[in-house]
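Counting in the UniProt record's numbering, the sequence shown runs from 3 upward without gaps.
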Amino acid sequence: EKRVYLFHEGNAQMRSLLGGKGANLAEMTRAGLPVPPGFTITTEACNDYYAAGKQLSEQLLDEIRKALAELEAQTGKKLGNPSNPLLVSVRSGAVYSMPGMMDTILNLGLNDETVEGLAQLTGNPRFAYDCYRRFIQMFGDVVLGIDHYRFERIIENVKESRGVKHDPELSAEDWKQVIASFQKLVQEQTGSAFPQDPQEQLRRAVIAVFDSWNNQRAVIYRKLHKIPDDLGTAVNVQMMVFGNMGDDSGTGVAFTRNPSTGEKTLYGEFLINAQGEDVVAGIRTPQPIAQLAEQMPEIYKQFQEISQRLEHHYRDMQDIEFTVERGKLFILQTRAGKRTAHAAVRIAVDMVQEGIIDKKTALLRVDPDQLNQILHRRVDPDAQLEVLAKGLPASPGAASGQVVFDADTAEKWANDGRRVILVRPETTPEDIHGIIAAEGVLTSRGGMTSHAAVVARGMGKPCICGCEELKIDLQRKELHIGNTVIRQGDQLSIDGGTGKVLLGEVPLIDPELSGEFQTLLEWADEVRKLKVRANADNPHDAAKAREFGAEGIGLCRTEHMFMEADRVPIVQEMILAETLDERQAALNKLLPMQREDFVGIFRAMDGLPVTIRLLDPPLHEFLPDIEELLVEITQLRMTPDSDKRELLKKENLLRKVRALHEFNPMLGHRGCRLGIIHPEIYAMQVRAIFEAVSLVKKEGVDVQPEIMIPLVGHVNELYEMRKLVEEVAEQVQQETGVSIPFTIGTMIEVPRAALTADQIAKEADFFSFGTNDLTQTTFGYSRDDAEGKFLHQYVDQKILPDNPFITLDTEGVGKLVSMGVQLGRETKPDLKTGICGEHGGEKRSIQFCHNAGLNYVSCSPFRVPLARLAAAQAAL
Ligand code: PEP
Ligand code: MG
């Protein structure tokens with residue numbers, strides 16, 4: 003089977019075989035664009051390599067030799083021929099782009115002889131030696147595993163001995179000296195000379211690229227982006243073109259639209275007289291692409307045309323790498339550009355309006371997971387800010403946190419629950435775990451397409467790049483901006499949308515939906531079958547949810563209303579009551595407060611259903627901590643003239659807290675079990691709800707309350723609670739003379755409820771799957787402890803494919819959900835069903851809910867837009 007394809011033999015459809023880069027190079031070659039010729043070694047060859055215990059097969063080597071011969075024929079150059087040497091780049095190219103995660107080698111084919119040939123051919127010995135030393139450096143690092151800094155140190159030493167600061171000041175002779183030292187270093191470190199045979203160089207470079215598929219950063223990146231580990235990478239071998247051949251040469255990267263905002267303008271950067279890696283690595287800060295129009299107007303025009311062509315061809319925003327060699331433009335790569343969620347939405351909507359794609363494609367173009375970004379918080383525009391510096395607005399959103407200067411500390415502190423801002427001169431792929439851990443990233447060097455910018459944008463983290471006013475002292479862990487000194491651990495804020503670096507912690511505000519976003523979501527609403535509701539338990543959240551398009555409240559957790567500071571003492575009174583009368587007195591105090599809450603929520607949700615869940619958590623959650631109480635009591639006892647009444651009160655409290663203590667509260671006296679043992683509590687809540695209903699009904703509010711009973715496992719529990727709700731409704735109707743519309747349903751959140759859903763449905767008007775508890779009780783994992791204790795490792799070791807508290811376990815928990823829906827509808831064909839666990843806001847779980855035939859999902863207000871889009875994608 004064929005394992006090597008010349009560029010003109012491939013096309014864009016062969017992505018899984020040729021990798022993204024290879025497929026696009028092939029496609030561009032076919033389209034007649036100025037692409038340097040080359041060939042691609044397939045991802046299957048990579049998998050063969052691993053399957054054979056990291057060996058290249060003879061057959062593959064043979065195919066490579068043949069492809070190389072073709073390439074030599076095409077270019078008229080020959081690998082290793084001193085009088086006309088072919089030089090190639092060897093690059094990784096996975097199916098899904100993994101920017102900077104794998105290895106690349108440039109200028110391959112140079113050796114002690116061909117370098118002289120290159121010098122003669124170009125008439126530029128300095129250039130030739132510079133190329134050769136770069137090659138030794140990359141090959142030494144990537145293939146031979148010699149630390150990068152050892153090479154850098156040699157260059158530093160030569161510069162020092164010449165009394166110069168910058169690389170361009172070194173002469174041909176200086177580079178020759180560098181090369182000699184590099185070769186000595188290679189000999190010392192590896193015990194053999196730097197390989198002179200270009201065929202061997204190529205073979206080892208291919209192996210190194212295959213190996214880099216499994217380097218640590220690539221593995222982490224794949225895990226983060228859920229890219230399968232068994233895809234393998236392709237290798238692209240391509241004729242070198244040089245952007246560093248003088249001032250009529252250069253290299254750059256450009257996006258066909260602004261990847262941060264989505265605006266339709268050519269957006270990018272270039273460097274005159276430089277090689278590609280200089281731009282991507284963020285080592286030199288490049289110039290904006292618009293300046294290319296002034297410096298090389300013809301090239302700019304040609305590039306503009308090509309970029310338009312590419313965008314139309316692929317019907318998507320492109321990220322294009324180009325090089326100019328002595329006044330001739332080459333396209334080295336094109337791919338769908340990474341973009342912020344904001345840009346993704348705008349580009350999708352604009353492209354529909356420009357007639358490039360249809361609505362369905364637009365809906366599929368935006369990843370619901372990415373939308374969290376748009377729904378990012380930003381700096382309160384009314385806040386007093388102290389702006390310390392301004393850099394490039396590389397990835398929007400605002401963040402505050404403690405400054406750290408290295409990725410390991412970022413990770414460590416974040417694991418300790420601290421919020422950190424990672425500050426680096428520039429980031430490299432080695433820093434990826436720090437970027438994951440940080441709230442935001444700030445760099446002093448690098449442009450909008452630097453590593454930090456690309457990675458942060460992909461993750462939706464705020465990022466500022468190229469903030470050159472920062473003087474970072476990594477040794478002392480200090481950051482100097484003008485006269486301000488910021489040390490590790492100090493608070494700093496960044497606004498990735500404006501590029502502003504701000505002193506201290508700043509107030510952040512909630513996001514709003516842009517016009518394009520509204521449009522996209524309206525298109526989503528046209529196709530989705532699932533309704534989307536929100537989990538909200540106060541009028542503010544309810545209003546926010548409605549603004550984001552929620553079609554009702556799917557879960558109002560009433561215990562949150564009990565937990566407000568001024569209510570806790572009354573709730574405690576209720577819990578500690580010795581007699582029913584005492585308890586009723588406390589409940590009577592709570593009643594008007596609860597009523598007020600519901601009035602506010604009903605008003606906010608005028609015309610939409612509101613599902614109110616009666617009290618769920620164990621009562622002792624409202625009482626003080628046993629240990630703290632013991633300390634207080636001991637202190638009182640040891641103080642000679644302490645208040646005896648106070649002491650008695652505390653001791654009494656301790657007794658109560660102890661009596662209520664449970665070893666396993668999550669499986670204890672909570673949910674409807676509370677309502678059955680203390681019906682007066684639920685009765686008060688229901689009364690508060692219905693009194694609120696009659697109040698707002700008189701105001702003309704269209705109110706649709708749905709009373710939901712938690713943690714039902716046996717139909718009898720629901721039967722009892724239904725009777726109670728109906729009795730109170732009857733009473734309130736009599737008292738107010740207002741007829742009260744309502745339905746009664748239950749949560750399905752323990753396995754027995756799902757298993758006996760046909761019986762339970764007899765007493766229920768609706769089901770809402772509480773998949774947080776259902777996951778907890780199905781797996782038998784404590785939802786409060788599992789993640790920290792073992793679940794993390796379970797996912798790492800692939801014992802579980804995902805954290806089931808985040809992504810619904812469709813095979814187990816999902817089976818119970820499907821069974822619950824099916825059994826419930828056997829009893830009541832039009833039973834309304836929904837989900838209100840955290841999974842209701844997660845795209846893959848939403849897909850499942852759609853397939854399982856649920857009527858709605860309910861999620862936190864900020865996730866409502868995401869759920870609308872995910873529900874639409876599920877229906878497409
Ligand atoms: C659930 O268990 O999924 C649920 C929504 O209820 P809570 O998270 O309040 O237990
Ligand atoms: Mg629950």
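All residues carry an ideal CB built from backbone N, CA and C; glycine is no exception.
Fill in: Option in 56, 382, 459, 188 with minimal Cα separation from residue 512
Stepping through the sequence shown from its first residue, residue 512 is reached at position 510. With distances taken between Cα atoms, residue 512 lies closest to 382.
Item to complete: Reducing DSSP to helix, strand and coil, say where residue 18 ends up.
Response: Here residue 18 refers to the residue found at position 16 when the sequence shown is read from its first residue. Helix, per DSSP.
Item to complete: Taking 8 Å as the threshold, find out whether the stretch 228 to 244 comes into contact with the stretch 35 to 52 through three or more Cβ pairs.
Response: Contact between the stretch 228 to 244 and the stretch 35 to 52 is established, with three or more Cβ pairs separated by less than 8 Å.
Discussion item. Is any non-hydrogen atom of the ligand MG found closer than 7 Å to the C-beta of residue 666, if you look at the structure I gave you?
Written reply: Along the sequence shown, one-based indexing puts residue 666 at 664. Placement of the Cβ of residue 666 at a distance of 7 Å or more from every heavy atom of the ligand MG is found.
Worksheet item: Can you tell me whether DSSP reads residue 710 as helix, strand or coil?
Response: Locating residue 710 in the sequence shown gives position 708, counting from the first residue. In this structure, residue 710 counts as strand in the three-state DSSP scheme.
Item to complete: Along the beta strand (DSSP E) that carries residue 256, what are the first and last residues, could you check?
Response: Position 254 of the sequence shown, counted from the first residue, corresponds to residue 256. Run containing residue 256: 252 to 257, per the beta strand (DSSP E) assignment.
Fill in: Any non-hydrogen atom of the ligand MG closer than 7 Å to residue 105 Cβ
Against the sequence shown, residue 105 aligns to sequence position 103. No, Cβ of residue 105 sits at least 7 Å from all heavy atoms of the ligand MG.
Discussion item. Suppose the cutoff is 6 Å on Cβ atoms and the five residues either side in sequence are ignored; what does the same chain contact list for residue 564 look like?
Written reply: Taking the sequence shown and counting its residues from 1, the one referred to as residue 564 is at position 562. Excluding its 5 nearest sequence neighbours in each direction, residue 564 has C-beta neighbours in its own chain below 6 Å: 573, listed in chain order.
Discussion item. Taking its Cβ as the centre, do 16 or more other Cβ atoms sit within 10 Å of residue 378, making it buried, or is it exposed?
Written reply: Here residue 378 refers to the residue found at position 376 of the sequence shown. That one is buried.
Discussion item. Going residue by residue through the stretch 759 to 829, where are the continuous beta strand (DSSP E) segments of at least 3 residues, counting only ones entirely within it?
Written reply: Listed in chain order, they are 768 to 771.
Discussion item. Can you look up residue 735 in the DSSP assignment and give me helix, strand or coil?
Written reply: Counting from 1 along the sequence shown, the entry for residue 735 is found at position 733. Residue state, collapsed to three classes: helix.
Worksheet item: Opposite residue 27 in the DSSP bridges: which residues?
Response: Start at 1 with the first residue of the sequence shown, and residue 27 comes out as number 25. The partner list for residue 27 (beta bridge, DSSP) is empty, contrary to what the question assumes.
Worksheet item: Which residues, in chain order, sit with a beta-carbon under 6 Å away from any heavy atom of the ligand PEP?
Response: Cβ atoms closer than 6 Å to the ligand PEP belong to 557, 559, 618, 751, 772, 773, 774, 775, 838, 839.
Discussion item. Given this structure, state the Cα-to-Cα distance separating residue 93 from residue 758, to the nearest angstrom.
Written reply: Counted from its first residue, the sequence shown places residue 93 at position 91. Counted from its first residue, the sequence shown places residue 758 at position 756. Residue 93 and residue 758: Cα-Cα distance of roughly 58 Å.
Worksheet entry | Buried or exposed by the 16-neighbour rule on C-beta atoms within 10 Å, applied to residue 640 | Position 638 of the sequence shown, counted from the start, is the residue given in the question as residue 640. With fewer than 16 other CB atoms across the displayed protein chains lying within 10 angstroms of its CB, residue 640 is exposed.
Item to complete: Alpha carbon to alpha carbon, how far is residue 866 from residue 372? Give it in angstroms, no decimals.
Response: Numbered from its first residue, the sequence shown carries residue 372 at position 370. Numbered from its first residue, the sequence shown carries residue 866 at position 864. Taking the straight line joining both Cα atoms gives about 13 Å.
Discussion item. For a test of the three-state rule: what should DSSP assign to residue 860, helix, strand or coil?
Written reply: Position 858 of the sequence shown, counted from the start, is the residue given in the question as residue 860. Of the three classes helix, strand and coil, the one that applies to residue 860 here is strand, per DSSP.
Worksheet item: Does the distance from the C-beta atom of residue 769 to that of residue 669 stay below 8 Å?
Response: The count along the sequence shown starts at 1 and reaches residue 769 at position 767. The count along the sequence shown starts at 1 and reaches residue 669 at position 667. No, the Cβ-Cβ distance between residue 769 and residue 669 is not below 8 Å.
Worksheet entry | residue 740 - DSSP class collapsed to helix/strand/coil | As a working mapping, residue 740 is identified with position 738 in the sequence shown. Residue 740: coil per DSSP, three-state reduction.
Practice prompt. Assign residue 680 to one of three DSSP states: helix, strand, or coil.
Written response: By one-based count along the sequence shown, residue 680 stands at place 678. Shown here, residue 680 sits in coil according to DSSP, grouped into three states, outside any helix or strand.
Discussion item. Cutting at 6 Å between CB atoms, please list the residues of its own chain near residue 778, excluding the five before and the five after it.
Written reply: Within the sequence shown, residue 778 is the residue found at index 776, counting from 1. Taking residue 778 as the centre and dropping the five residues before and after it, the same chain places the C-beta of 785 closer than 6 Å to its C-beta, in chain order.
Discussion item. If you reduce the DSSP assignment to three classes, tell me which class residue 843 lands in.
Written reply: Taking the sequence shown and counting its residues from 1, the one referred to as residue 843 is at position 841. Note: residue 843 maps to helix in three-state DSSP.
Fill in: Residue burial classification, residue 718 (beta-carbon count within 10 angstroms, cutoff 16)
In the sequence shown, the residue the question calls residue 718 occupies position 716. Residue 718 should be labelled exposed.
Worksheet item: Is it the case that the CB of residue 753 approaches a heavy atom of the ligand MG more closely than 7 Å?
Response: For the purposes of this step, residue 753 is identified with residue 751 of the sequence shown, where counting begins at 1. The nearest non-hydrogen atom of the ligand MG is 7 Å or more from the C-beta of residue 753.
Practice prompt. May I have the straight-line CA-CA distance separating residue 448 from residue 113, to the nearest angstrom?
Written response: The residue given as residue 448 occupies position 446 in the sequence shown. The residue given as residue 113 occupies position 111 in the sequence shown. Looking at the two C-alpha atoms, the distance is approximately 32 Å.
Worksheet item: What's the C-alpha gap between residue 780 and residue 710?
Response: Position 778 of the sequence shown holds residue 780. Position 708 of the sequence shown holds residue 710. Looking at the two C-alpha atoms, the distance is approximately 21 Å.
Fill in: Sub-8 Å separation of residue 536 and residue 458 beta-carbons
Here residue 536 refers to the residue found at position 534 when the sequence shown is read from its first residue. Here residue 458 refers to the residue found at position 456 when the sequence shown is read from its first residue. With a cutoff of 8 Å on beta-carbon distance, residue 536 and residue 458 are scored as not near each other.
Item to complete: Confirm, please, whether the CB-CB distance from residue 411 to residue 428 is below 8 Å.
Response: Position 426 of the sequence shown, counted from the start, is the residue given in the question as residue 428. Position 409 of the sequence shown, counted from the start, is the residue given in the question as residue 411. No; because the gap between Cβ atoms is not below 8 Å, this pair is not in contact.
Discussion item. Below 8 Å on the Cβ atoms is my contact criterion, and I expect residue 684 with residue 793 to pass it. Report the Cβ-Cβ distance as a whole number of Å.
Written reply: Counting from one through the sequence shown, the residue named residue 684 turns up at place 682. Counting from one through the sequence shown, the residue named residue 793 turns up at place 791. With 8 Å as the limit, residue 684 and residue 793 do not qualify as a contact, their Cβ atoms being about 34 Å apart.
Worksheet item: Where do the N-terminal and C-terminal ends of the alpha helix (DSSP H) with residue 151 fall, by residue?
Response: Counted from its first residue, the sequence shown places residue 151 at position 149. Per DSSP, residue 151 belongs to the alpha helix (DSSP H) from 150 to 164.
Worksheet item: What residue does the beta strand (DSSP E) around residue 503 start on, and which one ends it?
Response: Along the sequence shown, one-based indexing puts residue 503 at 501. Note, residue 503: beta strand (DSSP E), 502 to 505.
Worksheet entry | Cβ shell of residue 492 (< 6 Å), same chain only, five flanking positions each side left out | Residue mapping note: residue 492 aligns to position 490 of the sequence shown, counting from 1. Leaving aside the five residues that flank residue 492 on each side, the residues in its chain whose CB is nearer than 6 Å to its CB run, in chain order, 405.
Worksheet item: Ordered along the chain, which non-local residues of its own chain (more than five positions away) have a Cβ less than 8 Å from that of residue 150?
Response: Here residue 150 corresponds to residue number 148 of the sequence shown, with the count starting at 1. 139, 143.
Worksheet item: Do the CB positions of residue 401 and residue 380 come within less than 8 Å of each other?
Response: For the purposes of this step, residue 401 is identified with residue 399 of the sequence shown, where counting begins at 1. For the purposes of this step, residue 380 is identified with residue 378 of the sequence shown, where counting begins at 1. Going by C-beta atoms, residue 401 is not nearer than 8 Å to residue 380.
Worksheet item: What is the DSSP secondary structure of residue 521, reduced to helix, strand or coil?
Response: In the sequence shown, residue 521 corresponds to position 519, counting from 1. Reduced to three states, the DSSP call for residue 521 is helix.
Worksheet entry | Member of 543, 361, 435 whose CA lies at the smallest distance from the CA of residue 347 | Position 345 of the sequence shown, counting from 1, holds the residue named residue 347. Among 543, 361, 435, the Cα nearest to that of residue 347 is on 361.
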